[in-house]
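Inspection log for the structure reproduced underneath, given as structure tokens.
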Amino acid sequence: MTEFELRFNYDFHFWWAHTTFCRDLARQVNVSMRALDPALWQYSRENQQRKC
């Protein structure tokens with residue numbers, strides 16, 4: 072299990088690492104964070120296996 076899988080308690084360190092990653096990704100692909108967020112949700116819906 073990775074640090075980002077099945078995590079229920081999000082401390083500042085975890086939040087900051089995620090935020091920094093997303094900002095860097097948005098910069099690399101030249102989109103705003105506002106555009107990146109729904110794109111990541113959609114990718115997740117289409118590609119993650121359901122755990123239930």
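With positions in the sequence shown counted from 1, the corresponding number in the working numbering is that position plus 71.
Quick reminder that beta carbons are idealized off the backbone N, C-alpha and C, glycines included.
Asked                                                                                                                              : Found
For the alpha helix (DSSP H) holding D125, just list the boundary residues, first then last.                                       : With the chain covering 72 to 123 only, the question about residue 125 has no answer from this structure.
My guess is that R116 and M104 are in contact by the Cβ rule of under 8 Å, so how many angstroms apart are they, rounded?          : Not a contact, Cβ separation roughly 19 Å.
Straight-line CA distance for H84 to F92?                                                                                          : 12 Å
What residues in its chain sit with their C-beta under 6 Å from that of A97, if we drop five residues either side in the sequence? : M104, L107
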